[in-house]
Structures are given as structure tokens and as C-alpha cells.
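Residues in the sequence shown are numbered consecutively from 21, following the numbering used here. Beta carbons: idealized from backbone N, C-alpha and C, even for Gly. Note that the structure is predicted; figures quoted are calculated from it, not measured.
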Amino acid sequence: MIIEDSLSKTVKIGMWLLADAYEISSLDISDSAIQNIKKRFPQVNGIVSDAGTIPLKSETFNIVTSQYGIEYAGHNAVLEAARLVDNGGLLSLILHFESGSIHHDSLQNLAAMEKLEESKFIPLAIKMFDAGFKAVNGAHRSDYEKSASNLAPAISDLEKIMKHYGQNIADNTIVRLYNDVGQIHEQLQNYGAVEVINWLDRMSVELNAYTGRMSSMCRSAISHQKFDTIQNELKNLGFSIKSAETLIVSDHQQPMAWILIAEKETASYPM
Numbered sequence: 021m022i023i024e025d026s027l028s029k030t031v032k033i034g035m036w037l038l039a040d041a042y043e044i045s046s047l048d049i050s051d052s053a054i055q056n057i058k059k060r061f062p063q064v065n066g067i068v069s070d071a072g073t074i075p076l077k078s079e080t081f082n083i084v085t086s087q088y089g090i091e092y093a094g095h096n097a098v099l100e101a102a103r104l105v106d107n108g109g110l111l112s113l114i115l116h117f118e119s120g121s122i123h124h125d126s127l128q129n130l131a132a133m134e135k136l137e138e139s140k141f142i143p144l145a146i147k148m149f150d151a152g153f154k155a156v157n158g159a160h161r162s163d164y165e166k167s168a169s170n171l172a173p174a175i176s177d178l179e180k181i182m183k184h185y186g187q188n189i190a191d192n193t194i195v196r197l198y199n200d201v202g203q204i205h206e207q208l209q210n211y212g213a214v215e216v217i218n219w220l221d222r223m224s225v226e227l228n229a230y231t232g233r234m235s236s237m238c239r240s241a242i243s244h245q246k247f248d249t250i251q252n253e254l255k256n257l258g259f260s261i262k263s264a265e266t267l268i269v270s271d272h273q274q275p276m277a278w279i280l281i282a283e284k285e286t287a288s289y290p291m
């Protein structure tokens, strides 16, 4: 049983190798994610569900695993995953580490995206381009000049964000937006109004989704105290802890994740 947020290359290879030999189920709250898995691995049983309330019988899987996924559904989702593990089976989890390198990067990304939202850069850019295209087509330039003047402080805000956090912040999203808007503005006659405004509308949706992902990651990161609590709860459910440690990668000073492997030794749930 794989409870996922997104499959790594290693997990994809593992599924490809094992799908013919074992019965594998994959759970995700996103129907499109499950459809994608089913397309690549038709043998896999896809389940669309919240990981906090999984619609399956207890003690039905030899291995239940999640990589950066189950913690997004909250603390109780770990116990829900444990419920599915059969006697002698394993619960194997990689969990976001609070104050680790990924958590730190996500906090920085989230802060930068919130400042981008506060600047109102995209709605102001839409107004400027709308007036600009009208001016190109013969309208009076006063509306364009006013909207361009209104956008100027937001441009300055983006420059401050990039100076403070670096141009690579938020996976280069902010610097790309800044550069693309600047390029389009310089060559406005080469673009169409509908094309540009639709692009900015899509960017707004994508940036909101990205901000939501960063916010969810920050909320889901597991502290030392919570990690200890999870281990104690698993022990009370008949598990023995085989491994409980941090994942440290050579090019990161802080841990990237918690690794938790627990074996189910006694029955704890009604079938």
C-alpha cells in the first residue's frame, strides 16, 4: 500500500518492478494523480481517498509506505495507515522534518509568495496590459500611463523580494514572472491582449496553488515531540520500532526528513 504525495523516481522504478509480482494499491486524495498512476501501472489498484479516513479493512497489507505524503492529512493519518498493516507487516514512512532543510526552504518560499500576493503585481499587470493594448490600438494613452504608474511600486516590491530571498526563491517563479512581464511590455506590439491576459490569469491560479502547497508543507512538518508521540502511539498499537532517525543528505546541513520503520507484532484492530 503506497500512500503518496508525489512518487519519486525510485518509487516509480520499484512499482514497475513489483507490480507484476505483488498486489499494490496506491492512495491519493487527487483523482488525477491516481489516474496518472493507473495509466503508467495498470496493475496497481488506485484509491481516491483522504488518508485520514481510508475506506479499507484493517490489517490487510504486508507493507504500508508513504514518502512525504501522509503527514499532509494530519497526525491521525499515520495511525490510519498503521491500521492497515497486517501482523508481521511493516509501516515505512518518510516524513517532513520540522526545522529541516526542506521545511526551511518551504518557509522561505511561502514568505516570498505571500509578499508577491501583497504586492498585487499580477492584477496590476493585467490592468496595465489591458490599457496598453488599447493604447496600441489607438486609445488615449492616459489610462495606460496611469496603470503603468500604479504597477511601478509592485515592480519595486518584486525586486526587493528577489534581493532579500535570492532570484531562485520559489523555484524561480518570481524572477520568471518579473522577466516575462518586462519582456512582453517591451515588445507589446508582438503579443495579443487575450493571450497575455489569459497567461497572467493562469499564472495567478498556478501561484496560488504553489503557495497552498508551501503552506501545507509547513503545517505538516513533524517536530521532535510529535515524532516521539507517533512512535509511542504505534507501540501502543502493537508495533515495534525498527528505525526512527533523520535523513541527512551530504549537501544539506540540516536533516531533510524523518525515517520511521515499524513492524506490526500483535493484532490491534477489529477486522
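Residue i versus residue j: straight-line alpha-carbon distance, rounded
| i | j | result |
| --- | --- | --- |
| Ala71 | Ala101 | 8 angstroms |
| Ile44 | Ile74 | 15 angstroms |
| Gly89 | Leu115 | 7 angstroms |
| Leu47 | Ile54 | 7 angstroms |
| Ile281 | Leu111 | 6 angstroms |
| His272 | Glu79 | 37 angstroms |
| Lys77 | Ala190 | 40 angstroms |
| Gly120 | Thr193 | 22 angstroms |
| Tyr198 | Ile175 | 8 angstroms |
Counted within 10 angstroms of its Cβ, other Cβ atoms place residue i as buried (16 or more) or exposed
| i | result |
| --- | --- |
| Arg161 | exposed |
| Val269 | exposed |
| Ser86 | buried |
| Val98 | buried |
| Tyr164 | buried |
| Glu179 | exposed |
| Gly212 | exposed |
| Ser167 | buried |
| Lys284 | buried |
Sequence-distant residues of its chain with Cβ nearer than 7 angstroms to residue i (five each side left out)
| i | result |
| --- | --- |
| Phe81 | Met21, Leu104, Val105, Asp106 and Gly109 |
| Leu220 | Ile142, Ala145 and Ile146 |
| Asn129 | Ile189, Ala190 and Met234 |
Cutoff 8 angstroms; reference residue i; Cβ partners in own chain excluding five residues on either side
| i | result |
| --- | --- |
| Val216 | Phe149, Phe153 and Ile204 |
| Glu134 | Thr231 |
| Cys238 | His123, Ser126, Leu127 and Leu130 |
Beta-carbon contacts of residue i that lie in its chain and below 6 angstroms, excluding the five residues immediately before and after
| i | result |
| --- | --- |
| Ile261 | Gln251 and Ala282 |
Touch test, the region 168–175 against the region 140–148, Cβ-Cβ under 8 angstroms, three pairs minimum:
Yes: at least three Cβ pairs fall under 8 angstroms.
With contact counted as at least three CB pairs below 8 angstroms, one residue from each stretch, are the region 247–259 and the region 214–228 in contact?
no
Could you name each continuous beta strand (DSSP E) segment of 3 residues or more that falls completely within the region 189–238, going from the start of the chain to the end?
none
Just list the beta strand (DSSP E) runs in the region 106–151, keeping only unbroken ones of 3 residues or longer that don't cross its boundaries, in chain order.
none
Would you check if there are 3 or more beta carbon pairs closer than 8 angstroms linking the region 107–126 to the region 230–242?
Taking a contact to require three or more Cβ pairs closer than 8 angstroms, the region 107–126 and the region 230–242 qualify as touching.
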